[in-house]
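Sequence order for the protein chains is D and S. Residue 356, in UniProt numbering, is where the first sequence stops; the numbers in between run on with no holes. Residue 356, in UniProt numbering, is where the second sequence stops; the numbers in between run on with no holes. Below is one structure, written out as structure tokens; comments come after it.
Protein chains: 2
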Amino acid sequence: MAKTRAPGPIRAATAHDVARLAGVSQSAVSRAFTPGASIAPDTARKVAEAAARLGYRPNLIARSLITRRSSIIGVAAAYLENPFYPAMLEALSTALEGAGYRVLLFTARPGESSDPILEEVLRYRLDALVMASASLSSRFALECRQAGIPVVLLNRRTEDGATSSVTGDNHGGAALIARFLAAGGHRRPAFIAGLENASTSREREAGFREALAALGLPPPLRAVGHYDFAEAARAARELLSAPERPDALFCANDHMAFAALGVARREFGLEPGREVSIIGFDDAGPASWPVVDLTTYAQPIQPMAARVLSILSHHLADPAAPAVGAVMPGELVLRGSARLPPQGVVTQEGRLVWKP
Amino acid sequence: MAKTRAPGPIRAATAHDVARLAGVSQSAVSRAFTPGASIAPDTARKVAEAAARLGYRPNLIARSLITRRSSIIGVAAAYLENPFYPAMLEALSTALEGAGYRVLLFTARPGESSDPILEEVLRYRLDALVMASASLSSRFALECRQAGIPVVLLNRRTEDGATSSVTGDNHGGAALIARFLAAGGHRRPAFIAGLENASTSREREAGFREALAALGLPPPLRAVGHYDFAEAARAARELLSAPERPDALFCANDHMAFAALGVARREFGLEPGREVSIIGFDDAGPASWPVVDLTTYAQPIQPMAARVLSILSHHLADPAAPAVGAVMPGELVLRGSARLPPQGVVTQEGRLVWKP
DNA sequence: ATGAAAGCGCTAACAG
DNA sequence: CTGTTAGCGCTTTCAT
């Protein structure tokens, strides 16, 4: 009577099984699956055949244990309601997958410290960590560095600059917006801030204020939207109710501008682009939808993702390399939500941008 | 002269190091980090101290090799431009993280077969796989099953029903929309399809047509938007240019409805909700933005994510359990883009829904 | 309750 | 080019 296989989870074939079937040693099997290894074509063929027959796939877990590299990169993301982040995540994931990495996703609960989840980064021996949006304690960044795990911040930066980062040109973009508004004849600009402690919001505000001052315009009215849709709507409401109503609203990101757009049109009957100008920052997907049609400073998503990968590779190759802070230039994309100035409007790659 | 540590990536502390420092055996250290294990409180304390001193963290890779469980679940997602998916991804990730799993993200390139990436699923010995949006060859699903890896499809279903799935009530929701339009006095409804071979689009169309027929209304005009923004805009343009202009547009998902909204208002000067009714499916984030204000059938994102987890747990506990196809009921959320019928409009949890 | 010993499936010297 | 031999860091019997 034939002995039947035990039921339940059939154990996957191992390199040993393949070796036995192919009549070679187990190390030969290993070599057959290692790109650069020296192996006779004939042996490789025999192994390939046996492997195919058994449905063998090298166990990456076992490989990682030895090589101490998992080919997995942690990506901490949150705030996915803001359509900028899914786009960034997709670009980043594509870039990393293209380079042979897998992405382990951490969606930090807003408010929660990201540290507990990030403990896992160390436990799983991830090759590197990309922090998009979530905050990171400097203690943890240090610990990662000690463990030899490169960290790159995306669209975020620490005070000390000790951790590598990739950001858009927050300061320059905001300054450009100030000049754009001035050129368009706006005289009472206002600003809706994001989170007070976020580098993006602070840098954008600083760039805006400084440029405004340099142009001889008054400092902007200001309200805080905490990068939250409902709170941004409240902020817009507050600003548009001011005795001297602002003639322009610069929102620290598109997500808040989407809220402001609705408030202006539906609650104040102000047509964006005609009676009030509303400008965002990011060029998140919906900004280009005709129903939304938001003028905004576009962050270059693909190049930013590519830059993250290159910095990561750089750190992986040389663990002692110093941190780099990459600032990627973007463009002011002109749509219907802000009045155009008489000069500097040019078409570029099928879209209107402002080049003073 | 004191011997200094070798430079470069300092090797992380192992259970052996901790054991040596604590003066216990390596297995004692293992037990100290295993929740249910029998260990003397005193020993546990000594181990904890030594571990803290060395910054020791159990290597999950090594553990996985033995336990054959990685606590990692693969999630294949794509089409993140459609804001429904980031929301789903976030909910799913939160649910899985809450249950102690990590999420390995696969962003299948559109068009590409998902199989090559999914090979990785097998190599990494993932515990399970959730397919949101990406297509999955039945060959691969079979292979996963043979390898004992549970697969759950999210917002997608196979013909044969051999793979577990969680979907919204596509047929029922679409039928409800048909009845809603009829009740609102619409007489010439049209339909914008998504991808012709997607179960979501097919089921929504079938539900819509059948209900329309039952109501004695003519079959809807039809155009295909392929779940793509630009193509959906084209489809809307085509339908709204028809000699007998439709008085309602049901789009197979919100993302396409966002495009239709823009076309109606900007290109045809038709105010959605007054001159033409536009309805979507999903209740993706922007649908509720006042600038957008889309009437749509809401899929219950959180419950769907929770259901995926429960089905996964079920399959993990019993690998031989049969596939289940969960259909989660949603609600028709009323906003400004579609004319309201005189009856059945009720307020529920702060929003307007239709309960005929 | 604890330690010794045997692997998990694989890679990486090392001889041949 | 190939097989043999050690482990990677951990969990898990099995005695004690």
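The C-beta atom is built at its ideal place from N, Cα and C for all residues, glycine as well.
Check: Are the beta-carbon atoms of D:R31 and D:S71 separated by less than 9 Å?
Finding: Counted from its first residue, the first sequence places residue 31 of chain D at position 31. Counted from its first residue, the first sequence places residue 71 of chain D at position 71. At the C-beta level, D:R31 and D:S71 stay beyond 9 Å of one another.
Checklist line | C-alpha gap between D:S164 and D:A213, whole angstroms | finding: Residue mapping note: residue 164 of chain D aligns to position 164 of the first sequence, counting from 1. Residue mapping note: residue 213 of chain D aligns to position 213 of the first sequence, counting from 1. Near 31 Å, if we compare the C-alpha coordinates of D:A213 and D:S164.
Note to self: By the three-class DSSP mapping on this structure, what secondary structure does D:Y297 have?
What the structure shows: Locating residue 297 of chain D in the first sequence gives position 297, counting from the first residue. DSSP places D:Y297 in strand when its eight states are reduced to three.
Check: Is S:R307 close to chain D, meaning its C-beta is less than 9 Å from at least one C-beta of that chain?
Finding: Position 307 of the second sequence holds residue 307 of chain S. No, because no Cβ of chain D sits closer than 9 Å to the Cβ of S:R307.
Checklist line | Proximal residues of chain D, C-beta to C-beta of S:G285 below 8 Å | finding: Taking the first residue of the second sequence as position 1, residue 285 of chain S is located at position 285. Ordered by position in chain D, the residues that pass the 8 Å Cβ test against S:G285 are E81 and P83.
Checklist line | chain S contact for D:V291 (CB, 9 Å cutoff) | finding: Translated into positions along the first sequence, residue 291 of chain D becomes position 291. Closer than 9 Å to some Cβ of chain S, the Cβ of D:V291 qualifies, so yes.
Notebook entry, point to check: Thinking C-alpha only, which one of D:A87, D:V263 and D:T14 is nearest S:R68?
Noted result: Within the second sequence, numbered from 1, the residue matching residue 68 of chain S stands at position 68. Closest by alpha carbon: D:T14.
Margin query: Please report the distance separating the alpha-carbon of D:V263 from that of S:S201.
Written below: The residue given as residue 263 of chain D occupies position 263 in the first sequence. The residue given as residue 201 of chain S occupies position 201 in the second sequence. Their Cα atoms are separated by approximately 34 Å.
Next item on the list: For S:I311, decide whether its Cβ has a neighbour in chain D, counting only Cβ atoms nearer than 9 Å.
Entry: Counting from one through the second sequence, the residue named residue 311 of chain S turns up at place 311. No, S:I311 lies away from the interface with chain D (no Cβ there is under 9 Å from its Cβ).
Notebook entry, point to check: Is residue 377 of chain S close to chain D, meaning its C-beta is less than 9 Å from at least one C-beta of that chain?
Noted result: Since the first and last residues shown for chain S are 1 and 356, residue 377 of chain S lies out of range.
Notebook entry, point to check: How about D:P86 and S:L80: do their beta carbons lie closer than 9 Å?
Noted result: Mapped onto the first sequence, residue 86 of chain D falls at position 86. Mapped onto the second sequence, residue 80 of chain S falls at position 80. For D:P86 and S:L80, yes; Cβs fall inside 9 Å.
Item checked: Residue environment, D:P7, which counts as buried when at least 16 other CB atoms sit within 10 Å -> In the first sequence, the residue the question calls residue 7 of chain D occupies position 7. At D:P7, the pLDDT of 40 sits below 50, so the modelled position is not reliable and the matter cannot be decided from this model.
Next item on the list: Hey, could you find the ends of the beta strand (DSSP E) residue 385 of chain D is sitting in?
Entry: Look at the range of chain D in this structure, 1 to 356, and you will see that residue 385 of chain D is not part of it.
Check: Going by beta carbon distance, what residues of the same chain come within less than 7 Å of S:E267, once the five residues before and after it are set aside?
Finding: Translated into the one-based positions of the second sequence, residue 267 of chain S becomes position 267. Taken in chain order, the residues that qualify are R237.
Next item on the list: Assign S:V346 to buried or exposed, taking buried as 16 or more other Cβ atoms, counted over all protein chains shown, within 10 Å of its Cβ.
Entry: Here residue 346 of chain S refers to the residue found at position 346 when the second sequence is read from its first residue. Residue burial annotation: S:V346 is exposed, with fewer than 16 other C-beta atoms found within 10 angstroms of its C-beta.
Note to self: Please give the ranges of any alpha helix (DSSP H) in the stretch 70-95 of chain D, keeping only runs that are unbroken, at least 4 residues long and fully inside the region.
What the structure shows: Counting whole runs of 4 or more residues, the stretch 70-95 of chain D contains no alpha helix (DSSP H) stretch at all.
Next item on the list: With DSSP as the reference, label D:V24 as helix, strand or coil.
Entry: By one-based count along the first sequence, residue 24 of chain D stands at place 24. Coil.
Notebook entry, point to check: Would a C-beta distance cut-off of 9 Å place S:A178 and S:G225 closer than the cut-off?
Noted result: Within the second sequence, numbered from 1, the residue matching residue 178 of chain S stands at position 178. Within the second sequence, numbered from 1, the residue matching residue 225 of chain S stands at position 225. The Cβ-Cβ distance between S:A178 and S:G225 does not fall below 9 Å.
Notebook entry, point to check: Can at least three beta-carbon pairs, one atom from the stretch 82-98 of chain S and one from the stretch 41-54 of chain S, be found at a separation below 8 Å?
Noted result: No: fewer than three Cβ pairs fall under 8 Å.
Check: Closest Cβ-Cβ distance between S:M1 and chain D: below 9 Å?
Finding: If you number the second sequence from 1, residue 1 of chain S lands on position 1. Model confidence at S:M1 stands at a pLDDT of 35, short of 50, so the residue's coordinates are unreliable; what they give is reported in the following sentence. Judged by the 9 Å Cβ criterion, S:M1 is not in contact with chain D.
Next item on the list: Report all residues from its chain with a CB closer than 8 Å to the CB of S:G100; omit the five preceding and five following residues, and keep chain order.
Entry: Along the second sequence, read from residue 1 onward, the residue named residue 100 of chain S stands at position 100. Excluding its 5 nearest sequence neighbours in each direction, S:G100 has C-beta neighbours in its own chain below 8 Å: S71, listed in chain order.
Notebook entry, point to check: Looking at the structure shown, is D:F180 part of a helix, part of a strand, or coil, going by DSSP?
Noted result: Indexing the first sequence from 1 puts residue 180 of chain D at position 180. The three-state reading of DSSP puts D:F180 in helix, counting H, G and I together.
Notebook entry, point to check: Are D:M256 and D:N155 closer than 9 Å when you measure CB to CB?
Noted result: For the purposes of this step, residue 256 of chain D is taken as the residue at position 256 of the first sequence. For the purposes of this step, residue 155 of chain D is taken as the residue at position 155 of the first sequence. No, they are not a contact pair.
Notebook entry, point to check: Can you tell which of D:A141, D:I149, D:D282 and D:F180 has its C-alpha closest to the C-alpha of D:G161?
Noted result: One-based indexing of the first sequence puts residue 161 of chain D at position 161. Looking at the Cα atoms, D:A141 is the closest of the given residues.
Margin query: Quick check on the DSSP output: the alpha helix (DSSP H) that includes residue 364 of chain D runs from which residue to which?
Written below: Any question about residue 364 of chain D goes unanswered here, given that chain D covers just 1 to 356.
Note to self: Quick check on DSSP: helix, strand or coil for S:L195?
What the structure shows: As a working note, residue 195 of chain S is residue 195 in the second sequence. Look at S:L195 here: in three-state DSSP terms it is coil, with no helix or strand label.
Next item on the list: Establish whether the CB of S:L142 and some CB of chain D are separated by less than 9 Å.
Entry: By one-based count along the second sequence, residue 142 of chain S stands at place 142. Cβ-Cβ to chain D under 9 Å: no for S:L142.
Note to self: Assuming D:V263 is part of the alpha helix (DSSP H), what are its boundary residues?
What the structure shows: In the first sequence, the residue the question calls residue 263 of chain D occupies position 263. Segment: none, D:V263 is in no alpha helix (DSSP H) and carries neither H nor E.
Checklist line | Nearest-angstrom Cα separation, counted from S:I278 out to S:A260 | finding: Counted from its first residue, the second sequence places residue 260 of chain S at position 260. Counted from its first residue, the second sequence places residue 278 of chain S at position 278. Near 8 Å, if we compare the C-alpha coordinates of S:I278 and S:A260.
Checklist line | Contact under 9 Å by Cβ, D:A193 with D:R234 | finding: Taking the first sequence and counting its residues from 1, one reaches residue 193 of chain D at position 193. Taking the first sequence and counting its residues from 1, one reaches residue 234 of chain D at position 234. Contact: no.
Notebook entry, point to check: S:Y297 and S:G280: beta carbons closer than 9 Å?
Noted result: As a first step, residue 297 of chain S must be located in the second sequence, where it is residue number 297. As a first step, residue 280 of chain S must be located in the second sequence, where it is residue number 280. Yes, these two residues count as a Cβ contact at 9 Å.
Item checked: Residue from S:I39, S:F250 and S:P300 with nearest C-alpha to S:G168 -> Numbered from its first residue, the second sequence carries residue 168 of chain S at position 168. Here the closest residue by C-alpha is S:P300.
Item checked: Cut-off 8 Å between Cβ atoms - residues of its own chain near D:L270, not counting five sequence neighbours on either side -> Taking the first sequence and counting its residues from 1, the one referred to as residue 270 of chain D is at position 270. Around D:L270: L240, A264 and V276.
Next item on the list: For D:G330, count neighbouring Cβ atoms within 10 angstroms of its own Cβ and tell me buried if that reaches 16, exposed if not.
Entry: Position 330 of the first sequence, counted from the start, is the residue given in the question as residue 330 of chain D. Buried, since its Cβ has 16 or more Cβ neighbours within 10 Å.
Margin query: In whole angstroms, give me the CA-to-CA distance for S:P83 and D:E143.
Written below: The residue given as residue 83 of chain S occupies position 83 in the second sequence. The residue given as residue 143 of chain D occupies position 143 in the first sequence. Near 35 Å, if we compare the C-alpha coordinates of D:E143 and S:P83.
Next item on the list: Taking D:L309 and D:A95 to be in contact with their CB atoms under 8 Å, please state how far apart those CB atoms are, rounded to whole angstroms.
Entry: Mapped onto the first sequence, residue 309 of chain D falls at position 309. Mapped onto the first sequence, residue 95 of chain D falls at position 95. In this structure D:L309 is in contact with D:A95, their Cβ atoms being roughly 5 Å apart against a cut-off of 8 Å.
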